[in-house]
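Read the structure below first, then the notes.
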Amino acid sequence: MSLDPRRATAVQLAAAYRSGEVTALATTTALLDAIEHEEAHLSAWLHLRRDAALGEASAADARFTAARGNTAALAALPPLLGVPIALKDLVNLEGTPTTSGSKILEGYISPYDATIAARLRAAGAVILGKTNMDEFAMGSSTEFSAYKRTTNPWDLDRIPGGSSGGSAAAVAAFQAPLSIGTDTGGSIRQPASLTGIVGMKPTYGRVSRYGIVAFASSLDQVGPFARTAQDAALLLHAIGGRDTHDATSSAEPLPAELLALPSGDAAATALKGRRFALPKEYFVAGMEPGVERAVRAAVASLEAAGATIEEVSLPTTEHALATYYIVAPAEASANLARYDGIRYGASKHGGGDLLQGYLETRGRGFGPEVRRRIMLGTYALSAGYYDAYYVKAQQVRTLIARDFDRVWAAGFDAIVAPTSPQVAWRFGAKMSDPVSMYLADACTIPANMAGLPGVSIPCGLSEGLPVGAQLIGRPWSESQLLGIASGFEAITATAEWRSVEPTALARAANGGAA
Amino acid sequence: MSGKVASGGSVRSAVIGIEIHVQLRTATKMFCPCAIPTDADEPNSRTCPTCLGLPGALPTPNRAAIEKVIAVGAAIGAKTPSTTRWDRKNYFYPDLPKGYQISQLDLPLAEHGSIEVTTSAGVGSVRIRRAHLEEDTARLRHERAGDGSRASLIDYNRSGVALLEIVTEPDLRDAETSRRYAEELRLLLRTIGAADAEMENGQMRVEANVSLRDSEEAPFGTRVEVKNMNSFRSVERAIAFEIARQNELLDAGGSVTQETRGWDDTSETTYTMRAKEDSHDYRYFPEPDLPPLAISDAWIAEIRARLPELPAARRARYVADLGLTAYDAGVLVGEPRAASLFEAARAAQPALDAKLLANWVAGEYLRAANEGAGEPEPKQFAALVAAVGAGEINGATGKALFAELCAGPLDIRAVITERGLAQISDDGALEAIAAETLAASPQALADWRAGKQQALGFLVGQAMKASKGRGNPARLGEIMRRLLDAQ
């Protein structure tokens, strides 16, 4: 039985490359072909690097060939060598377009590599291309992309979540085993939840932000999408760690356990004696019953595996959303000021009137959600409002972090909660009501405000659509969180919902009933 | 100089505050590893994603720049905060690539210092409110293309260069003190190695806020910001002009408009650059890309310990311990390279007459240095001055040797011996030379007899020539006079 290149995990590919069972070139070709075949229906990609990716795959194969037969040489090869990966289109990759989902960056070719792009290149990963996203990562459905509307492979009439919707959809649709997303208020975890995959937002400072187009600097974190916890851990290990180009990146050492995450029985056994906190405020009004059922069932299976669950209160949770919508737009209003039409991207300057050039460039170059947030943030920072909004929001942020500190002080290993109160919604359902879209991130935003790591893992289905459970941990506990996620995969390996795969995309692409 | 302005019968007081931007002397820019550009660099050749403000690029602080500002703070007796932080100052302009400038608002690296300034009226102190770090902007060049169309070009080489902004309290009352303050600050910055502060190269930019009021007790009047002063002389003239202009305006029953005015060096007037628009809201907020920076007492102490002797202390020491005049001390200390040669020469020959040495440094050395001569080796320079002081060689020989010493290595002692440069002070030898000169110059003798006094000078000159420049000129003069009188 040979390895299916589309369904293979990074861990499986790594082993198969080393044994010579498959090549990186064949895998990459199969994935690129599938992407090109399905793109009209999935619309996950903004830029494909077909030739470059095939070149990288061949180079990886050459290294495997050279090392074959020499155990030490094979072991010395990086774990992601030859493994295909997708980058959210806000990761700068030298010589490649970077649009951040915006018209204002149309035609912009990055002259430099983001630190994580350089690290992935150094690790020998095969970079397939850049994926669709909400413009400047502002949105929860990827509908705010200026370029295309990415669908959810589980139901092509539904959104994949956002803002990293393209990266999530590509992994969920078996177009890549791994992808990169960014999470400012839930933009990795929420689409992971809505597409039924694993998505982690690491601790703030764990992964370098150098070369990542900024949305909100104090909240943005880069993280992995994968279909298994082990794969996510491998990717995090490849991109994480101190970077001297990012003053906010931490010197905290990257745990080696990420490279050898337990799985199967070992992971399941490790759940025994774990203490989980269940925050009552996360089971919010408006939560879909099917989502709550799936999350509570996941909690029950953890308990059955020997973990203990206790309800806790995080009283500031209800303020997190409002606070976030001060801090994030404020930082964004400054971060996006550089898109002024002077040097790159779309420009409407030239009439001689500088102000008119700014107004036209930015008024036409930015989409509605970005304009809304720039206005929100500019207002919050304005003289006379700064103390009431920005300063107050930062104070509340401290209180949110203290809520979590109390949980860790009480000895809990992690918090278990829903990732999203809803499953994937239909296109357009929230477009006319921004606040209802903002509420979709109510369960993910607190971890960003406190800088904590969080991971969304598939935990069941509701009306045939994926539901995600979220694990939030103390700072720098990514390997523990992913270890727990791996344990959960082990204890639910035979659950009926695990056997269900998204088929809508394949049906549509093969001309079946759409 | 008095701060009072009398005109048309009214007497008003001027209030001046000065804001100075200085380029710090660092190897690299403030937030990226780019080298500091020179005028010879091609436009946009000293840039990287960070100083170009490209999407995704991030700043990383330059520790050397921070240390220099802590050193400035220590030198002006300022308070250094235990934590400093960076703030974003938001505004749109084509020379500002990120749409915000990284600066410092609430926690500047230095606060509440002062500088002692000496003017014709005496010694006074100017309080410094704050000094903070920020990044420079790009440079705009407005050009007309061949087809007559106008274009604005942007050179990002200067974008991100570390700037120190130093703001005084409104303590200054007249133009002279303002100029002296700027000069003294420049000297201090150069002495501690924080900046080169060459005004003509734009490394130091002075702006003055000038207002008038009816008396020292009255509330401040409407202020005018004066810019474009490209030399210390311009600073003094521009402020004096602005005080007079405002005074005349008020005398005529008019009022001062709040605005920014530029100084025009040619017409020696200020002109309106821009009327004060509604005060700009820069929407400052803490820079989230840079964590706050803790500054330990130990770090400050270490930087303070490395500070050299400061100008005010050095001047006082030269006057009190070395007996120099306040003027000579001022000249020496005013030029760090002069002070450094003076110190090194004294270290080589501690017994050397300090006044003579000061004269040589302030005179010959500075003149030669300003003409682009090389630096004399201090030990040999000390030997040279000592030889002149002891009368071993005469001044003319000393100056000739000094020129050689500036051009390259020279062993003064050996050269005096080898070339036989020792001054001839022996009366017998000098008398022989003088007699010989006189005998060979019958016309000069005739002139002397006809009452032409200048014949003596001619004869002494001829005698000096005959001595190959080695004669003691004073002695030779006396001897020649005696010989002439005896004729």
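Going down the list, the protein sequences come from chains F and Y.
So the mapping is simple: our numbering equals the position in the first sequence, first residue as 1, plus 935.
So the mapping is simple: our numbering equals the position in the second sequence, first residue as 1, plus 763.
Cβ coordinates follow ideal geometry from the N, Cα and C atoms, glycine included.
Sorting F:Lys1065, F:Gly1302 and F:Val1262 by C-alpha distance to the C-alpha of isoleucine 1115 of chain F places F:Lys1065 at the top.
Two segments are said to touch when three or more pairs of C-beta atoms, one from each, lie closer than 8 Å; by this definition the stretch 1279-1289 of chain F does not touch the stretch 1373-1393 of chain F. When secondary structure is reduced to three states using DSSP, glutamine 1405 of chain F falls in the strand class. Neighbours of glycine 1158 of chain F in chain Y, taken as residues at a C-beta separation under 7 Å, are lacking, since the least C-beta distance is about 16 Å. About 17 Å separates the Cβ atoms of alanine 988 of chain F and asparagine 1027 of chain F, ruling out a contact at the 8 Å cut-off.
At least one C-beta of chain F is nearer than 8 Å to the C-beta of threonine 823 of chain Y.
Cβ neighbours of valine 1223 of chain Y within its own chain (closer than 8 Å, five residues either side excluded): Pro1236, Leu1239, Gly1240 and Met1243. Residues of chain Y whose Cβ lies closer than 8 Å to the Cβ of isoleucine 1147 of chain F are, in chain order, Gly819. Chain-order list of chain F residues neighbouring lysine 861 of chain Y: Ala1269, Asn1270, Ala1272 and Arg1273, by C-beta distance under 9 Å.
Positions of the alpha helix (DSSP H) runs, each at least 4 residues long and wholly inside the stretch 952-1012 of chain F, are given as 959-977, 985-1002 and 1006-1011 in order along the chain. Distance from the CA of leucine 977 of chain F to the CA of arginine 1442 of chain F, rounded to the nearest whole angstrom, comes to 12 Å. Per DSSP, glycine 1025 of chain Y lies in no alpha helix (DSSP H) segment; the continuous beta strand (DSSP E) that holds it begins and ends at 1022-1027. Interface residue (Cβ-Cβ distance to chain Y less than 8 Å): isoleucine 1123 of chain F is not classified as such. Just so you know, the alpha carbons of serine 1434 of chain F and arginine 942 of chain F end up roughly 13 Å apart.
Among the residues of chain Y, none has a CB under 7 Å from the CB of histidine 976 of chain F; the nearest is roughly 30 Å distant. Cβ proximity to chain F below 9 Å picks out Glu1050, Pro1051, Asp1052, Leu1053 and Pro1054 from the stretch 1050-1073 of chain Y.
Sixteen is the threshold: when 16 or more other Cβ atoms of the shown chains lie within 10 Å of the Cβ of leucine 1013 of chain Y, as they do, the residue is buried. Listed in chain order, the non-local C-beta contacts of glutamate 1127 of chain Y below 6 Å within the same chain comprise Phe1165, local neighbours out to five positions each way being set aside.
The C-alpha of glutamate 1138 of chain Y is placed about 20 Å away from the C-alpha of alanine 1117 of chain Y. With contacts defined by Cβ atoms closer than 8 Å, isoleucine 781 of chain Y and aspartate 858 of chain Y do not form a contacting pair.
Taking the C-beta atoms as reference points, aspartate 996 of chain F is found nearer than 8 Å to glycine 1017 of chain F.
Cβ contact annotation for alanine 1102 of chain Y (same chain, cutoff 7 Å, sequence separation greater than five): Arg1077, Leu1095 and Val1096, in chain order. Going by C-alpha positions, proline 1032 of chain F is about 21 Å away from alanine 992 of chain F. Of the candidates F:Ser1397, F:Gly1300, F:Gly1302 and F:Asp1275, F:Asp1275 places its Cα closest to the Cα of leucine 1290 of chain F. Annotated as distal: arginine 1278 of chain F and glycine 862 of chain Y, with beta-carbon spacing of 8 Å or more.
In the structure shown, glutamate 970 of chain Y falls within a strand segment according to DSSP collapsed to helix, strand and coil.
Taking each of F:Thr964, F:Thr1429, F:Asp1181 and F:Lys1365 in turn and checking the Cα distance to arginine 984 of chain F, the smallest one comes out for F:Thr964. According to DSSP, residue pairing for asparagine 853 of chain Y in a beta bridge involves Y:Tyr863. Identification of residues in the stretch 847-861 of chain Y having a C-beta nearer than 7 Å to some C-beta of chain F yields Arg851, Asn853, Phe855, Pro857, Pro860 and Lys861, given in sequence order.
Less than 8 Å separates the beta-carbon of threonine 1033 of chain Y from that of valine 989 of chain Y.
Between leucine 981 of chain F and glycine 909 of chain Y, the alpha-carbon positions lie close to 41 Å from each other. Secondary-structure assignment with DSSP links asparagine 1087 of chain F through a beta bridge to F:Asp1090. One finds nothing in chain Y with a Cβ atom closer than 9 Å to the Cβ of tyrosine 1259 of chain F; even the nearest lies about 14 Å away. Closest option to alanine 979 of chain F, judged by alpha-carbon separation, among F:Gln1125, F:Ala994, F:Pro1401 and F:Ala1104: F:Ala1104.
For aspartate 1181 of chain F, the nearest beta carbon of chain Y is closer than 8 Å to its own beta carbon.
In this structure, the CA atom of isoleucine 1350 of chain F is about 7 Å from the CA atom of proline 1214 of chain F.
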